[in-house]
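In this text, residue positions in the sequence shown follow our numbering: the first is 1, and each later residue adds one.
To keep things clear, I will list the structure first and then write my remarks on it.
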Amino acid sequence: MRRGTVLSVSVEKWPSRSLLGRLSRRAREALLQLGTPIGYDAHQRIIRQGDSARHTLLVLEGLVKIVVDTERGRDVVLAVRGRGDLLGEMATLERRPRAAHVIACVPVKGRIIHSPDLGDFLERSPDACLAVARVLSERLRGSDRRGIDFMVCPAPVRVARALLEVTQRWGETVEVGRGLVIPLSQKDIASLAGTGLSSVEKAFRLLEEAGALDRRYRRVLVTDLSRLRRFGELPDEIPY
1 MRRGTVLSVS VEKWPSRSLL GRLSRRAREA LLQLGTPIGY DAHQRIIRQG DSARHTLLVL
61 EGLVKIVVDT ERGRDVVLAV RGRGDLLGEM ATLERRPRAA HVIACVPVKG RIIHSPDLGD
121 FLERSPDACL AVARVLSERL RGSDRRGIDF MVCPAPVRVA RALLEVTQRW GETVEVGRGL
181 VIPLSQKDIA SLAGTGLSSV EKAFRLLEEA GALDRRYRRV LVTDLSRLRR FGELPDEIPY
């Protein structure tokens, strides 16, 4: 964990589905003034499941995964979050233990915001309260949709849907014409899709044959989002 002034944070437009992307300019600037700058190394645990700490993390740069320890000892990746997202707000506002771990996928920069400061900010800004509610609503709909996927979709389709969601929101653009780098390991993709590594490997081979994926350069690249979407049996707009 690295504390101090967070430097060189990108000022480009925040992702539209993130909390910062939903706020008015005035509310966004006010939120960005709260808390303390902090940094985390790749693979570092940022929030620990079961912890009772009362703070949230506003992510300014980087990518994290939300992971739950199950009763059977298996780690399950629930979601991926990134720039502009607020993490840990539910436990903070409800004054309950953390429901999941938050682990950095890459180096992360953000701001630690303590419960009283967040509460005061939300009381002063009804628009911000509504934005937080919309973010939580979208997450709930996504969770419901994936639950249905687990029951009715075959593993290759679930893998394609997990890839599409992660890539469209967080994929890193490489050289023109090459595609988007998937920012997660195959193990993480398997967990998101609720399947095993062997099923992910099979799905990747099928996606390569379909021209949607490229693994020739020691990286997994999504080279054709439309083909990936068709493989995942999804419309142009992801429903979650």
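Cβ coordinates follow ideal geometry from the N, Cα and C atoms, glycine included.
Under the DSSP assignment, A203 falls in the alpha helix (DSSP H) whose first and last residues are 197-209. Where E61 is concerned, the enclosing beta strand (DSSP E) starts and stops at 55-61. In the DSSP assignment, D75 is bridged to D69.
For the pair of segments examined, the region 179-188 was found not to touch the region 131-141: the number of CB pairs separated by less than 8 Å stays below three.
The shortest CA-to-CA distance from G84 to any of V152, L234, L23, P116 is the one to L23. For K109, the beta-bridge partners assigned by DSSP are G39, E61. If you draw a straight line from the Cα of F231 to the Cα of G211, it comes to about 11 Å. For the pair of segments examined, the region 26-41 was found to touch the region 111-130: the number of CB pairs separated by less than 8 Å reaches three. A residue is called buried once 16 or more other Cβ atoms fall within 10 Å of its Cβ, and D188 is buried on that count. Here the C-alpha atom of C105 lies approximately 31 Å from the C-alpha atom of D127.
The residue from A160, H43, R169, I38 with its alpha-carbon nearest to that of G21 is R169.
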